[in-house]
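Here the structure is laid out as structure tokens; the discussion comes afterwards.
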Amino acid sequence: MRRKRLQHVADTLCHMLCGWRQIQDKPRLVELGSGTLEIDALSGNCAFNGSPISPLGVATELRLWLSEDLAAHSIPISSLESARVRADLNFAEISAHDRTTSGEFYVRGRSQRAASWHRCKIRCKSEVVSGPDVYTSEFSDLEEWPLGWPAA
Numbered sequence: 236m237r238r239k240r241l242q243h244v245a246d247t248l249c250h251m252l253c254g255w256r257q258i259q260d261k262p263r264l265v266e267l268g269s270g271t272l273e274i275d276a277l278s279g280n281c282a283f284n285g286s287p288i289s290p291l292g293v294a295t296e297l298r299l300w301l302s303e304d305l306a307a308h309s310i311p312i313s314s315l316e317s318a319r320v321r322a323d324l325n326f327a328e329i330s331a332h333d334r335t336t337s338g339e340f341y342v343r344g345r346s347q348r349a350a351s352w353h354r355c356k357i358r359c360k361s362e363v364v365s366g367p368d369v370y371t372s373e374f375s376d377l378e379e380w381p382l383g384w385p386a387a
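Here the sequence shown stands for residues 236 to 387, where the numbers follow my numbering.
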């Protein structure tokens, strides 16, 4: 059971980083631009292109989820040597006409319409190490959202 659970952890870390958990970080990710984001899910520490950066909100989400999930399955967090996520981010600005994803974006209940959109191709890899066992996962995603979203 422990092996299946730790593989699930590796899978979930990738999906969480690519999913809605990073919405609050979108403006900061755009500011960072294309490159490699690394998150240590045990500590919440982050790096971009090999240099430390202040923690992202998604790093806190990953750390909290990991702690709660392991506790719920009676796996001591101390049994993990590492739990890391690495995401290659490739940003571009596109026109609304070139958008390939669907979905509505809202600010204060109003649908956002924009002529220009951010497109981010994400290639994510995770690695969870517990003793001699290494659990890995990969996930790719394409996200598009209006420039300036989410607005404060």
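We put the beta carbon where it would ideally sit given N, CA and C, even for glycine.
Go through its chain and collect everything with a Cβ distance to residue i's Cβ below 8 Å, but skip five positions before and after it.
i, result
"Trp384", "Lys261, Phe340, Val342, Gln347 and Ala349"
When the Cα atoms are used, what is the spatial distance from residue i to residue j?
i, j, result
"Ala279", "Leu301", "Ala is not the amino acid found at residue 279; the sequence shown has Gly there. In a straight line, the C-alpha of Gly279 is about 11 Å away from that of Leu301."
"Trp352", "Asp333", "9 Å"
"Thr371", "Leu377", "21 Å"
"Ala387", "Leu272", "Note that Ala387 has pLDDT 48, beneath the 50 cutoff, so the model's placement of it is unreliable and no number is given."
"Arg321", "Leu382", "25 Å"
"Thr335", "Arg354", "9 Å"
"Arg345", "Gly338", "13 Å"
"His243", "Ile357", "20 Å"
"Arg263", "Arg238", "35 Å"
For the candidate residues the options, whose alpha-carbon lies nearest to that of residue i?
i, options, result
"Phe326", "Trp380, Val363, Cys281 and Ile288", "Trp380"
"Ser375", "Lys239, Ser337 and Asp246", "Asp246"
"Val265", "Leu291, Glu362 and Thr336", "Leu291"
"Asp275", "Gly344, Leu324, Cys249 and Ile310", "Cys249"
"Gln259", "Thr295, Asp323 and Lys356", "Thr295"
"Cys359", "Glu373, Pro367 and Val369", "Glu373"
"Arg319", "Gly344, Ser337 and Glu362", "Glu362"
"Glu316", "Arg237, Pro367 and Arg256", "Pro367"
In its own chain, which residues sit with a C-beta less than 7 Å from the C-beta of residue i, not counting the 5 before and 5 after it?
i, result
"Ser314", "Ser365"
"Ala282", "Glu273 and Ile288"
"Arg256", "Val293 and Glu296"
"Val369", "Glu362"
"Gly254", "none"
Excluding five sequence neighbours on each side, which residues of the same chain lie with their C-beta closer than 6 Å to the C-beta of residue i?
i, result
"Arg298", "Ala276 and Gly279"
Assuming residue i and residue j make a contact with CB atoms under 8 Å, what is their CB distance in whole Å?
i, j, result
"Arg240", "Ile310", "6 Å"
"Leu324", "Gly270", "6 Å"
"Val293", "Leu267", "At roughly 13 Å, the Cβ-Cβ gap does not stay under 8 Å, so Val293 and Leu267 are not in contact."
### Query
Does the segment 305-312 come within contact of the segment 320-337, defined as at least 3 CB pairs closer than 8 Å?
no
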